[in-house]
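Scroll down for the structure; my scribbles are underneath it.
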Amino acid sequence: MAKTLKDLFFALLNATLILMALCLFLVWKVAQSVENVQTGFKENLQVVIPLKEQVQGIRGELEGIRSALVAIRQQDGTLDTASRAQLNDAMQSLKDLEGKLAGAQSRMLEIVDNPEDLINYAITTSAEAISGQYMALRGCVPAT
Numbered sequence: 017m018a019k020t021l022k023d024l025f026f027a028l029l030n031a032t033l034i035l036m037a038l039c040l041f042l043v044w045k046v047a048q049s050v051e052n053v054q055t056g057f058k059e060n061l062q063v064v065i066p067l068k069e070q071v072q073g074i075r076g077e078l079e080g081i082r083s084a085l086v087a088i089r090q091q092d093g094t095l096d097t098a099s100r101a102q103l104n105d106a107m108q109s110l111k112d113l114e115g116k117l118a119g120a121q122s123r124m125l126e127i128v129d130n131p132e133d134l135i136n137y138a139i140t141t142s143a144e145a146i147s148g149q150y151m152a153l154r155g156c157v158p159a160t
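To convert a position in the sequence shown, counted from 1, into this note's numbering, add 16.
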């Protein structure tokens, strides 16, 4: 009886140690993944910064085009009504484009200034993907 209890104790201890080793390994792999994600975000933010500068340059060019179109519009009598209508349409399209560009620039600034939002999104997406893979591994995925 004592030998059986001793063997059960060692089996329990062995299983516990194996589970602890497995948990430590998984924690180590998750930590590595987090480091890889952080490195990837740093690299991606370095790509976004030049894009922000390019958007600012494009906004400057659009303002130059706008001022040229305004100068053309202010010429007296040299444009017929069809040309004026086309010019007004071009001005409206330019205004819409500037609005879209301003929205894109503000979103890029938001990403650069608050990278934690991007990181939170990536972590949430990764967690959902991992849980989906785990459920598929366990056979808990609904049939399609």
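Ideal Cβ positions, reconstructed from N, Cα and C, are used throughout, including at glycine.
(1) Between leucine 113 and leucine 78, how many whole angstroms is the CB-CB distance? I'm expecting something under 8 Å.
(2) Answer yes or no: do glycine 64 and isoleucine 127 have a C-beta to C-beta separation smaller than 8 Å?
(3) Is DSSP giving aspartate 23 helix, strand or coil here?
(4) To the nearest angstrom, how far is the alpha carbon of threonine 140 from that of valine 86?
(5) Looking only at its own chain, which residues have a Cβ that is under 8 Å from the Cβ of valine 53, when we skip the five neighbours before and after it?
(6) DSSP three-state label for glycine 119, please.
(7) When you compare only the Cα positions, how much space is there between arginine 82 and arginine 100?
(8) Distance, Cα to Cα, asparagine 60 vs arginine 154?
(9) Hey, leucine 125 and lysine 68 are a contact pair by Cβ (cut 8 Å); roughly how many whole angstroms apart?
(10) Looking only at its own chain, which residues have a Cβ that is under 8 Å from the Cβ of glutamine 108, when we skip the five neighbours before and after it?
Working from what's here:
(1) 7 Å
(2) Reading the sequence as shown, one finds valine at residue 64 and not glycine. In contact: valine 64 and isoleucine 127 (Cβ atoms closer than 8 Å).
(3) helix
(4) 48 Å
(5) Ile135, Ala138, Ile139, Ser142
(6) helix
(7) 15 Å
(8) 35 Å
(9) 7 Å
(10) none
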